[in-house]
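Protein chains in written order, with this note's numbering: chain E, 1 to 267; chain S, 268 to 529.
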Amino acid sequence: MSSQPLVEIRDVNFTYDARPVLKGINMTFHRGKVIAVMGGSGCGKTTLFRLIGGALKPTKGEVKIDGQVMHELDQKELYAMRRKMGVLFQFGALFTDMSVYDNVAFQMREHTDLPEEMIRDLVMMKLHAVGLRGTHALMPAELSGGMARRVALARTVALDPMLILYDEPFAGLDPISLTVVGNSIRRLNNALGATSVVVTHDVQESLKIVDYIYFIADGVIVAEGTPAEIQASDKPFVHQFVHGEMDGPVPFHYPSASYQQDLGVRA
Amino acid sequence: MPIVSSVKRVGHRAVDTIWRIGYSTRFFGLILLHSGPSFRRFHLIIRELFFTGVMSLIIILVAGLFVGVVLGLQGYETLKSYGSESALGTLVALSLVRELGPVLAALLFASRAGSAMTAEIGLMKATEQIAAMEMMAVNPIARVVAPRFWAGVISMPLLAAMFSAMGVFGGYLVGVVFIGVDEGSFWSQMQGSVDFQHDILNGVLKSFVFGVAVTVISLFEGFDAPPTAEGVSGATTRTVVQSSLAILLLDVILTALMFRGL
Chain E
1 MSSQPLVEIR DVNFTYDARP VLKGINMTFH RGKVIAVMGG SGCGKTTLFR
51 LIGGALKPTK GEVKIDGQVM HELDQKELYA MRRKMGVLFQ FGALFTDMSV
101 YDNVAFQMRE HTDLPEEMIR DLVMMKLHAV GLRGTHALMP AELSGGMARR
151 VALARTVALD PMLILYDEPF AGLDPISLTV VGNSIRRLNN ALGATSVVVT
201 HDVQESLKIV DYIYFIADGV IVAEGTPAEI QASDKPFVHQ FVHGEMDGPV
251 PFHYPSASYQ QDLGVRA
Chain S
268 MPIVSSVKRV GHRAVDTIWR IGYSTRFFGL ILLHSGPSFR RFHLIIRELF
318 FTGVMSLIII LVAGLFVGVV LGLQGYETLK SYGSESALGT LVALSLVREL
368 GPVLAALLFA SRAGSAMTAE IGLMKATEQI AAMEMMAVNP IARVVAPRFW
418 AGVISMPLLA AMFSAMGVFG GYLVGVVFIG VDEGSFWSQM QGSVDFQHDI
468 LNGVLKSFVF GVAVTVISLF EGFDAPPTAE GVSGATTRTV VQSSLAILLL
518 DVILTALMFR GL
């Protein structure tokens, strides 16, 4: 295994409609690790996720994966890179006109010349890894939210990717599904020797499974460290986020005129 | 100031319209460019042919029968006053093959299959299925759009032909079976006056052009739909409205070119 980091994000800035979303982000994701990128809603997490996937180009700086600068790749090279990546979308994004089996087999059929018997074995192995071998004949509409997320996870790792990106994998799950999905992320990462990037705002679940955490707020990294360092952190933002406090550096009230003024009451 | 804002609004709409025409033309070019894989994996087109063509059959056949019956009734009443009832077959066949078959079948196709295509692709986009495909290094234009385009283009002339055939049967049913027009003259006059190249092939060509227009509009609207419930419903409405107008406009142009020799 190479000692060179798999993902290097160097001084990345991204501006959307003249509004700066990311401002000078630097991150390094080492091979074999599970990394969480956290922050409140609208902090720029999803933008960063799309930059890593090559769906967006940075206004300044670069995202390098396996030594290649993503925004310098042409479409053919980008697609070649994406074949080595797996992406789990927030609500799974399963193809609703295909069965569970066909969803997991999709990339194998698109990108390989494997015979159908071998594809069948591989699909069953992937579904077995997420505990859903018995659902192979079902349609996505017949699955619960947690099951759909696990099938999507099986599809994400169908071609044994070297980098797996997770966009809010814990959103809207019940406690059991949450634990199952969390454990699956860690287990699959270890089994595949991959690198996983989990973009999330679920602190407690992430702290259990990740190796390193970055906190983003207002487009900049405000804190980073191992789960133990983050839990022990006395930085106000991290403390508020980890303990879910209502008020702090992230205020409860949206900026507005004074309350008295809005109610027409003299101070 | 209201004048300035009105001018601004008109300007914005004009720019937006031009942008959409350019974008949809580029989209059409991309479909053609990425059509190769669809033909190499023809089962993808066959599957879409079922959804766009076979599933539209009932509405096309029933509508064709009704239109043929009405043509038979109206045509008989008009021709009777000139003592030319025997020309009923000619009137029904020419009206259907040249005009009503391609146009009405295309309008029904736009409402039934076109709107379904827009809604399906719009929802695929809203639920990130298109983005997921992109991230799996699979080009959605080649995998999702091109098979639907070719299925629409192939099924449209076939549906129009079935519409016309059913219409002729409807005209026969009301004219010959119920009213009593002579069966021999009904068929022989039809056979003598309908020219294969001038009438039938031109009708097929019309329905092919309508098929291209309706399918491109439907797919483009779905692909361009904002990923929200409102966005998809708006796109579906636009598909039906724009397809219907495009069919009628193209019909004017094609009829002028084909039958008036302009």
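Glycine included, every Cβ here is placed at the ideal spot set by N, Cα and C.
Can you pull out the residues from the region 91 to 107 of chain E whose beta carbon lies closer than 9 Å to at least one beta carbon of chain S? For the region 91 to 107 of chain E, which is checked against every Cβ of chain S, the residues closer than 9 Å are F91, G92, A93, L94, F95, T96, D97, F106 and Q107.
Which same chain residues, not among the five before or five after V12/E, have their C-beta less than 8 Å away from its C-beta? For V12/E, same chain residues with a beta-carbon under 8 Å away, outside a window of 5 residues either side, are L22, G24, I25, N26, L48, L51, P58, K60, G61, E62 and V63 in chain order.
Of all the beta strand (DSSP E) runs that stay within the bounds of the region 439 to 485 of chain S, which reach a length of 3 or more residues? None, since the region 439 to 485 of chain S contains no complete beta strand (DSSP E) of that length.
Residues in the region 385 to 397 of chain S having any Cβ partner in chain E nearer than 7 Å: Of all residues in the region 385 to 397 of chain S, T394, E395 and Q396 have a Cβ within less than 7 Å of some Cβ in chain E.
With a threshold of 8 Å, are at least 3 pairs of Cβ atoms found where one atom belongs to the region 113 to 124 of chain E and the other to the region 85 to 97 of chain E? They do not touch, by the three-pair rule.
Under three-state DSSP, which class holds D11/E? In the structure shown, D11/E sits in a strand (DSSP, three-state: E or B).
Rounded to whole angstroms, what's the CA-CA distance from P269/S to K275/S? Just pull it up for me. In this model, P269/S and K275/S are separated by some 10 Å (Cα to Cα).
Nonlocal neighbours in the same chain, by C-beta distance under 7 Å from D449/S, ignoring five residues either side: By the criterion of a C-beta distance shorter than 7 Å, D449/S is surrounded in its chain by S353, once the five residues flanking it on both sides are discounted.
Does DSSP classify N406/S as helix, strand or coil? Correct three-state label for N406/S: coil.
Which of helix, strand or coil DSSP assigns to M1/E: Residue confidence for M1/E is low, a pLDDT of 46 falling below 50, so the modelled location carries little weight and cannot support an answer.
Compare the C-beta of E72/E with all C-beta atoms of chain S and state if any pair is closer than 7 Å. With 7 Å as the cut-off, E72/E does not count as an interface residue toward chain S.
Quick one: Cα of T28/E to Cα of V69/E, how far? Taking the straight line from one Cα to the other gives about 14 Å.
In chain order, what residues of the same chain have a beta carbon less than 8 Å from the beta carbon of A530/S, not counting five sequence neighbours either side? Here chain S has residues from 268 to 529 only, and residue 530/S is not among them.
Between F89/E and chain S, is there a C-beta pair that is closer than 7 Å? By this cut-off, F89/E is an interface position.
Residue ranges of each alpha helix (DSSP H) within the region 375 to 400 of chain S, 4 or longer: Considered as a whole, the region 375 to 400 of chain S harbours 382 to 393 as its complete alpha helix (DSSP H) runs of no fewer than 4 residues, in chain order.
To the nearest whole angstrom, what separates the beta carbons of A413/S and S291/S, a pair I think is in contact under 8 Å? The distance from the Cβ of A413/S to that of S291/S is about 15 Å, inconsistent with a contact at the 8 Å cut-off.
Once you ignore the five residues that flank V151/E on each side, which residues in its own chain have a CB closer than 8 Å to its CB? When the five nearest sequence neighbours on each side are left out, the beta carbons in the same chain lying within less than 8 Å of the beta carbon of V151/E are those of G92, L94, V100, N103, V104, L127, V130, L132, T135, P140 and L143, in order along the chain.
For T200/E, which three-state DSSP category applies? Residue state for T200/E is assigned as strand, using DSSP reduced to three classes.
Alpha carbon to alpha carbon, how far is R83/E from M429/S? Give it in angstroms, no decimals. C-alpha separation (whole angstroms): 45 Å.
Member of L516/S, I467/S, I484/S and A386/S whose CA lies at the smallest distance from the CA of G368/S: Out of L516/S, I467/S, I484/S and A386/S, the CA that lies nearest to the CA of G368/S is found in I467/S.
Give a yes or no on contact between the region 225 to 239 of chain E and the region 70 to 81 of chain E, applying the rule of three or more CB pairs nearer than 8 Å. The region 225 to 239 of chain E, when compared against the region 70 to 81 of chain E, does not touch it at the 8 Å Cβ threshold.
Span separating the alpha-carbon of T503/S from that of S382/S: Straight-line Cα distance between these residues: approximately 5 Å.
Kindly indicate the opening and closing residues of the beta strand (DSSP E) around R19/E. Run containing R19/E: R19 to F29, per the beta strand (DSSP E) assignment.
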